[in-house]
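For reference, the structure is listed below as structure tokens.
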Amino acid sequence: MVSDPPSGVGDEPTAQPFAGNWPPPYVEQQASHPRTWLAVAVAVTAAVAVAALVAALTRPQTLVNTATPTHTARDIATAQQRLCDTFKFAARAVQVDTNGSDKAFARIALTNSAVLLYNASNDPALDEQHRNAAQALAAAYLTDTARSSEGAATEAEFQDAVADVNSKDAAMKKVCGGG
Numbered sequence: 010m011v012s013d014p015p016s017g018v019g020d021e022p023t024a025q026p027f028a029g030n031w032p033p034p035y036v037e038q039q040a041s042h043p044r045t046w047l048a049v050a051v052a053v054t055a056a057v058a059v060a061a062l063v064a065a066l067t068r069p070q071t072l073v074n075t076a077t078p079t080h081t082a083r084d085i086a087t088a089q090q091r092l093c094d095t096f097k098f099a100a101r102a103v104q105v106d107t108n109g110s111d112k113a114f115a116r117i118a119l120t121n122s123a124v125l126l127y128n129a130s131n132d133p134a135l136d137e138q139h140r141n142a143a144q145a146l147a148a149a150y151l152t153d154t155a156r157s158s159e160g161a162a163t164e165a166e167f168q169d170a171v172a173d174v175n176s177k178d179a180a181m182k183k184v185c186g187g188g
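For the sequence shown, the numbering used here assigns the number 188 to the last residue and increments by one with no breaks.
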């Protein structure tokens with residue numbers, strides 16, 4: 010009786026390693042001037058920059074109106090009243106929420122009030138005294154907000170920020186005729 014050879018013997022070609030497992034043969038590439046493109050890019054960039062500089066220097070300049078705008082007494086009074094009304098509203102929000110038990114409300118009130126004051130202080134009809142007082146108080150509010158965060162400042166630094174807010178608040182009251 011002729012016996013069959015065991016399965017797998019002679020039926021298939023012998024196992025060859027997968028071609029993907031072998032490293033590709035090393036082919037030496039000739040240096041095709043790898044820095045040429047870099048030199049071309051630098052040259053083009055330099056040419057564009059020089060052209061832009063020449064265009065900017067030879068371009069006729071437009072006249073800029075340097076005259077300061079004049080505001081009527083009514084414009085000035087309206088801007089001052091708007092700023093002072095904003096200050097009273099913002100100061101009340103800060104007073105209520107910083108004396109409450111929720112630190113988050115206090116920080117929100119300080120931040121929102123700083124933004125309100127800063128925006129109101131940007132009215133071009135305002136004089137420097139009103140503008141500077143409002144912006145100083147806005148900055149003090151933001152500093153107090155930052156220093157009231159847990160671990161952001163020592164107790165002494167926080168108390169200094171509170172004192173600065175109180176000082177700037179008094180200056181703002183004086184500017185607005187309330188103190």
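Glycine residues also receive a C-beta, built at the ideal position from the N, C-alpha and C atoms.
Note that the structure is a prediction, hence the values are computed from the model and not measured.
- Residue 170 has its alpha-carbon roughly 14 Å from the corresponding atom of residue 115.
- Of the candidates 112, 109 and 97, 97 places its Cα closest to the Cα of residue 143.
- Taking a C-beta distance under 7 Å as the contact criterion, residue 135 and residue 88 qualify as a contact pair.
- Less than 7 Å separates the beta-carbon of residue 126 from that of residue 99.
- In the three-state reduction of the DSSP assignment, residue 139 falls in the helix class.
- As the crow flies, the alpha-carbon of residue 78 is around 56 Å from that of residue 45.
- The alpha carbon of residue 186 has as its nearest neighbour, out of 132, 173, 155 and 86, the alpha carbon of 86.
- Around the beta carbon of residue 174, a 10 Å sphere encloses 16 or more other beta carbons of the protein chains shown; the residue is thus reported as buried.
- Here residue 154 is not near residue 107, since their CB atoms are 7 Å or more apart.
- Beta-carbon to beta-carbon, residue 103 and residue 113 are separated by about 14 Å, too far to satisfy the 8 Å threshold.
- Under the three-state reduction of DSSP, residue 185 is assigned to coil, being neither helix nor strand.
- Nearest C-alpha to residue 80 among 101, 63, 157 and 132: 132.
- In the three-state DSSP reduction, residue 108 falls in the coil class, being neither helix nor strand.
- Annotation: the continuous alpha helix (DSSP H) that includes residue 54 extends over 45-67.
- In summary, residue 71 is exposed, with fewer than 16 beta-carbon neighbours lying within 10 Å of its beta-carbon over all protein chains present.
- A residue is called buried once 16 or more other Cβ atoms fall within 10 Å of its Cβ, and residue 176, having fewer, is exposed.
- When DSSP states are grouped into helix, strand and coil, residue 173 belongs to the helix group.
- In this structure residue 123 is not in contact with residue 92, their Cβ atoms being roughly 14 Å apart against a cut-off of 8 Å.
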